[in-house]
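Here the sequence shown stands for residues 282 to 891, numbered as in this note's numbering.
We treat Cβ as the ideally placed atom computed from N, Cα and C, and that holds for glycine.
Here the structure is laid out as C-alpha cells; the discussion comes afterwards.
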Amino acid sequence: MTYTCTRDLVKDLEQNGHLVRIRTEVDPNLEMAEIHRRVFQAGGPAILFEQVKDSPFPAVSNIYGTLARAGFIFRETLSRVKKLIALNADPSLFLKSPLTYLNLPMTLWHMLPKKVKTGPVFFNTTTIDRLPRIKCWPGDGGAFVLLPQVYTEDQAKPGIMRSNLGMYRIQLSGNKYLLNREIGLHYQIRRDIGAHHATALEMNQPLRVSVFVGGPPAHTFSAVMPLPEGMPEVTFAGGLAGRRFHYASQNGFTVSTDADFCITGTVFPGETKPEGPFGDHLGYYSLSHPFPVMHVDTVCHRQNAIWPFTVVGRPPQEDTVFGKLIHEITGPMVPKSIPGVEAIHAVDAAGVHPLLLAIGKERYLPYGDRKPRELLKISNALLGFGACALAKYLMITAFEDNPDLDINNIKDYFQHVLKRVDWKTDLHFQTQTTIDTLDYSGTGLNQGSKVIIAAAGPQKRQLMVSVPNDLLLPQGFKHPQMAMPGVVAIEAPPFSDIQTAGTEIEALVQKLKSLDKRDEIPLVVLVDDAAFAARTLNNFLWTTFTRSNPSHDIYGVNSFTTFKHWGCESPLIIDARLKFHHAPPLVEDPKIKSRVDEMGKRGGCLHGII
Numbered sequence: 282m283t284y285t286c287t288r289d290l291v292k293d294l295e296q297n298g299h300l301v302r303i304r305t306e307v308d309p310n311l312e313m314a315e316i317h318r319r320v321f322q323a324g325g326p327a328i329l330f331e332q333v334k335d336s337p338f339p340a341v342s343n344i345y346g347t348l349a350r351a352g353f354i355f356r357e358t359l360s361r362v363k364k365l366i367a368l369n370a371d372p373s374l375f376l377k378s379p380l381t382y383l384n385l386p387m388t389l390w391h392m393l394p395k396k397v398k399t400g401p402v403f404f405n406t407t408t409i410d411r412l413p414r415i416k417c418w419p420g421d422g423g424a425f426v427l428l429p430q431v432y433t434e435d436q437a438k439p440g441i442m443r444s445n446l447g448m449y450r451i452q453l454s455g456n457k458y459l460l461n462r463e464i465g466l467h468y469q470i471r472r473d474i475g476a477h478h479a480t481a482l483e484m485n486q487p488l489r490v491s492v493f494v495g496g497p498p499a500h501t502f503s504a505v506m507p508l509p510e511g512m513p514e515v516t517f518a519g520g521l522a523g524r525r526f527h528y529a530s531q532n533g534f535t536v537s538t539d540a541d542f543c544i545t546g547t548v549f550p551g552e553t554k555p556e557g558p559f560g561d562h563l564g565y566y567s568l569s570h571p572f573p574v575m576h577v578d579t580v581c582h583r584q585n586a587i588w589p590f591t592v593v594g595r596p597p598q599e600d601t602v603f604g605k606l607i608h609e610i611t612g613p614m615v616p617k618s619i620p621g622v623e624a625i626h627a628v629d630a631a632g633v634h635p636l637l638l639a640i641g642k643e644r645y646l647p648y649g650d651r652k653p654r655e656l657l658k659i660s661n662a663l664l665g666f667g668a669c670a671l672a673k674y675l676m677i678t679a680f681e682d683n684p685d686l687d688i689n690n691i692k693d694y695f696q697h698v699l700k701r702v703d704w705k706t707d708l709h710f711q712t713q714t715t716i717d718t719l720d721y722s723g724t725g726l727n728q729g730s731k732v733i734i735a736a737a738g739p740q741k742r743q744l745m746v747s748v749p750n751d752l753l754l755p756q757g758f759k760h761p762q763m764a765m766p767g768v769v770a771i772e773a774p775p776f777s778d779i780q781t782a783g784t785e786i787e788a789l790v791q792k793l794k795s796l797d798k799r800d801e802i803p804l805v806v807l808v809d810d811a812a813f814a815a816r817t818l819n820n821f822l823w824t825t826f827t828r829s830n831p832s833h834d835i836y837g838v839n840s841f842t843t844f845k846h847w848g849c850e851s852p853l854i855i856d857a858r859l860k861f862h863h864a865p866p867l868v869e870d871p872k873i874k875s876r877v878d879e880m881g882k883r884g885g886c887l888h889g890i891i
C-alpha cells in the first residue's frame with residue numbers, strides 16, 4: 282500500500298489487526314512512554330492515543346514494534362528496494378534473471394524528489410506547546426521529538442540532491458529554552474548534519490533546519506538508513522514509499538509536503554544552550570551538554586494530523602527493528618564496500634556501537650601457520666566505514682575457520698572466537714580516539730578508546746562450562762557465575778578510582794594464576810551484580826560492553842608490553858563495573874508503572890495485551 286500520511290498508516294494497521302486504540306486521556310509526561318514500553322515488550326500492536334493531555338493532536342507509537350509489522354508496512358516496496366541494492370552489489374544478477382527487475386525503472390522514478398508549490402502540511406499552523414510533548418524517563422530534561430526527520434542542506438552547495446535527512450533528537454521544552462521560540466538540536470559525532478553545520482560556521486551563516494514528523498513511514502525509516510555519502514535520504518525515501526518525495530519551499534526552508542507536522546527554524550553561528558539529559562538507546566541517560574539552539578520560525582501541520590513517536594532505552598526497543606531492517610537491506614553491499622568482509626553485525630543488545638562483530642576472509646597466506654593478517658586490514662577499513670567507525674569493541678574472525686558460522690548467533694560467535702583467540706597477540710588497541718557521543722565509558726564526551734580482537738586459525742582450547750572448584754577470590758570479590766562457556770562474571774567491590782581498581786585487580790590476577798586449566802576460561806568480567814550479568818546473554822552483552830573503556834578497563838594474567846604491544850595470558854579481564862563518570866542507567870517511575878499495571882487488568886484498555 283502507498284501511504285501519503287500517518288492517518289493512512291493507522292487506518293491500514295487497524296483494518297489488519299495491528300493497532301489498539303486508547304480512548305481515555307493519557308499523560309505525555311512518562312505515562313505514554315511507559316504504556317509504549319510495556320506493549321512493545323509484550324510484542325503487542327501499534328498504539329493510537331486518541332486523547333493526549335494538553336494537546337489537540339492524537340499520537341501513535343509502536344508502529345514498527347515487530348519485524349513482522351515493519352514487513353507488513355513495507356510489503357509492496359521493500360523487496361523492490363532490496364533488489365535494487367542487491368543489483369548494485371552484483372550487476373550480473375540482471376543477466377541471470379532479467380524478469381526479476383522489470384519494476385526497476387518505476388522504483389528509480391520514485392527515487393526522484395518532486396518539487397510542488399503547496400501540499401497538505403500547510404493546512405494550518407500551531408505552536409510548540411500544543412504538540413504532544415512526550416517525556417519518556419524521570420530524569421529527562423524535558424519533552425523530545427522521538428521520531429524526527431531532520432532536514433538540512435549544504436550551505437556551500439544547496440539543493441535537495443545534496444541534502445541530509447537524519448534522525449537527530451529535538452528537545453521541545455525544559456532547560457533554558459524559551460517555550461515556542463527555541464528548541465534544542467542534538468546530533469552525535471560523525472553525523473552528516475555535522476558537516477552541514479561545519480560549512481555554515483565556516484561561512485559564518487545561519488543553518489536552516491526543517492524537522493518533519495510523520496508522513497509516509499518510509500520517510501521516517503529513511504532518516505535512520507546509513508546511505509553512502511552523496512546519496513540523499515530523500516531518494517531512498519521515495520523508492521521505499523513507492524511514491525516520489527514531495528517537497529516545497531517556504532520562507533527559504535525546504536518542507537516535506539506529505540509530513541503530518543513540520544517545524545522550521547534557524548541555528549545561528551556559535552549559539553548553544555544545555556540540551557538533555559535524555560534516556561538513550563544504550564540504556565543510560567545521555568547527560569546535559571551544550572548543543573545548537575534552533576530558533577523556531579513556523580510549526581505547520583496537515584488536517585487530521587497524527588503525531589508518531591517511539592521510546593528508546595536499554596535494548597531491545599522499537600529501534601531494534603530498524604536495525605534489523607537495515608542489516609537485511611544493506612547486507613549485500615558490505616562485501617562490495619570492503620573487500621574481504623563476509624558479514625558484520627552491530628550488536629543491538631550491547632547498545633549497537635559498543636560492540637561490532639565481523640567475519641572476514643583471511644587470504645594473505647592461504648597455507649602454513651594461519652593467523653590474523655588480512656583480518657587486520659579489514660578491521661581498519663571497518664573502523665573507517667560509516668557508522669562502524671563508532672565501534673568500541675571490534676571482534677573479527679576468519680570465514681575459512683567455519684564457513685557456516687552465523688554472525689547473528691552471538692553465543693556461537695563468541696565461543697568460536699574464545700576457542701581461537703590468543704591474548705598475547707590478538708589484541709590491537711586504539712587509544713585517545715573518538716567513541717559514540719552517547720557512550721560515557723570513556724574519558725570525556727566523544728573521547729575513549731577501541732580494541733580489535735582478531736582471532737583466526739585452529740581451535741586452541743576447550744571452554745569451561747561451570748565455575749571451577751579451585752577458583753579462589755580475594756577479599757571483596759564474590760559470587761562467580763558462568764555467563765556462557767568460557768566466560769565468568771565475578772561480583773567485584775564497588776568502583777572507587779582507577780588506581781584502587783588496579784590494585785584490586787592485581788590481587789585477583791594473583792589468585793587466577795594458580796587456577797588449574799585457566800586457559801579454558803579465556804574471559805573474566807568484573808561486574809556490580811554477577812547474578813544479573815550472567816542471567817541472560819543480553820544482560821552480559823549490555824553490562825560488559827556499555828560499562829568498559831578498553832584502554833582503561835582491560836587487564837589480564839601475566840600482562841606485558843613489548844614494543845608498544847600489550848598482551849596477556851588467559852584469562853583476559855574486563856572491568857565492567859559502573860564508574861563514577863558513567864551516566865546513570867534508566868529506571869522507570871514506580872507510580873507510573875503501577876498506573877499502567879491497572880490498564881492491563883480486566884476491564885482496562887490494555888487487558889490481554891500487556
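Is the CB-CB distance between residue i and residue j below 8 Å?
i, j, result
"Pro653", "Ala735", "yes"
"Ala327", "Asn343", "yes"
"Ile733", "Ile677", "yes"
"Thr433", "Leu488", "yes"
"Val431", "Ile474", "yes"
"Leu719", "Ser569", "no"
"Phe813", "Met765", "no"
"Ile451", "Ile470", "no"
"Trp588", "Val490", "no"
"Ala627", "His634", "yes"
"Val402", "Arg583", "yes"
"Ser722", "Asn819", "no"
"Glu556", "Trp704", "no"
Return the CA-CA distance between residue i and residue j, expressed in angstroms with no decimal places.
i, j, result
"Ala499", "Asp682", "39 Å"
"Asp539", "Ile855", "49 Å"
"Pro279", "Val301", "The requested residue 279 is not part of the displayed model; the chain covers only 282 to 891."
"Lys554", "Leu290", "36 Å"
"Tyr458", "Thr712", "37 Å"
"Asn297", "Ser777", "55 Å"
"Thr825", "Lys794", "23 Å"
"Glu801", "Val768", "9 Å"
"Pro571", "Val577", "18 Å"
"Tyr345", "Pro497", "13 Å"
"Ala864", "Met442", "39 Å"
"Asn661", "His888", "51 Å"
"Asp693", "Ser832", "26 Å"
"Phe680", "Glu510", "29 Å"
"Pro393", "Ala522", "Residue 393 is actually Leu in this sequence, not Pro. One C-alpha to the other measures close to 12 Å."
"Leu329", "Lys292", "11 Å"
"Phe710", "Ile716", "13 Å"
"Ala811", "Lys872", "28 Å"
"Asn690", "Asn456", "43 Å"
"Leu383", "Lys364", "11 Å"
Considering only C-alpha positions, which residue in the set the options is nearest to residue i?
i, options, result
"Val790", "His760, His478, Val838, Lys731", "Val838"
"Ser875", "Asn750, Val746, Lys605, Glu315", "Glu315"
"Ala630", "Asp541, Thr817, Phe861, Phe841", "Thr817"
"Gln322", "Cys543, Thr480, Arg595, Lys416", "Arg595"
"Pro339", "Glu306, Ser618, Gly729, Asn369", "Glu306"
"Glu787", "Leu807, Thr516, Lys798", "Leu807"
"Tyr674", "Arg304, Leu708, Glu850, Asn456", "Leu708"
"Asp541", "Thr347, Asp717, Gln756, Thr406", "Thr406"
So what does DSSP say about residue i, is it helix, strand or coil?
i, result
"Ala770", "strand"
"Ile640", "strand"
"Gly594", "coil"
"Glu787", "helix"
"Asp578", "strand"
"Ala737", "coil"
"Asn585", "coil"
"Val536", "strand"
"Tyr645", "coil"
"Cys543", "strand"
"Gly560", "strand"
"Thr399", "coil"
Under 8 Å between C-beta atoms, does residue i make it to chain C?
i, result
"Ala437", "Within the model displayed, chain C is absent; a lone protein chain is all it includes."
4-residue-minimum alpha helix (DSSP H) runs that sit fully inside the stretch 282–359, ordered along the chain: 287–296, 312–322, 348–354
Completely contained alpha helix (DSSP H) runs for the stretch 801–869, where each covers 4 or more residues: 811–816, 818–827, 831–834
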